[in-house]
Amino acid sequence: MVTIVDYGDVCINEVAASISKVTNDYKVSRNELDICGADKIIFAGCGNAPAVMRKIQMLNLYSLLRVIKKQFLESD
């Protein structure tokens, strides 16, 4: 399963729509269990990276993302 990390960016819905054309095995989530259970993780975003990192830290996901060993895909 692919998980798109939901940190409130406006383009997450666009990325989800694109992924849905390829597979139905995805979810948009900010839940730690969903992220840990994902085979691949997508950070959908447009904008500056420091602002994204602040949002991820505010959601208490930064530490989780540092320790899990998953494939990441960044889009901008």
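Residues in the sequence shown are numbered from -3 upward in steps of one, following this note's numbering.
Using N, Cα and C, we set each Cβ at its ideal position, and we do this for glycine too.
Treat the numbers as computed from the prediction; the structure is a model and nothing was measured.
Beta-carbon gap between residue i and residue j smaller than 8 Å
| i | j | result |
| --- | --- | --- |
| Thr(-1) | Ser25 | yes |
| Val1 | Ile37 | yes |
Cβ-based neighbour list, residue i, same chain, cut-off 8 Å, excluding 5 preceding and 5 following
| i | result |
| --- | --- |
| Leu55 | Tyr3 and Arg26 |
| Glu10 | Ala40 |
Chain-order list of residues whose beta-carbon lies under 6 Å from that of residue i (same chain, five-residue window excluded)
| i | result |
| --- | --- |
| Leu60 | Glu28 |
Separation of residue j from residue i, as counted between CA atoms
| i | j | result |
| --- | --- | --- |
| Leu57 | Lys23 | 17 Å |
| Gly33 | Val6 | 24 Å |
| Gly43 | Ala12 | 18 Å |
Sequence-distant residues of its chain with Cβ nearer than 7 Å to residue i (five each side left out)
| i | result |
| --- | --- |
| Asp30 | Thr(-1) and Lys23 |
| Lys51 | Tyr3 and Gly4 |
Quiz item: Residue ranges of each beta strand (DSSP E) run of no fewer than 3 residues wholly in the segment -3 to 60, ordered along the chain?
Solution: -2 to 1, 22 to 25 and 36 to 40
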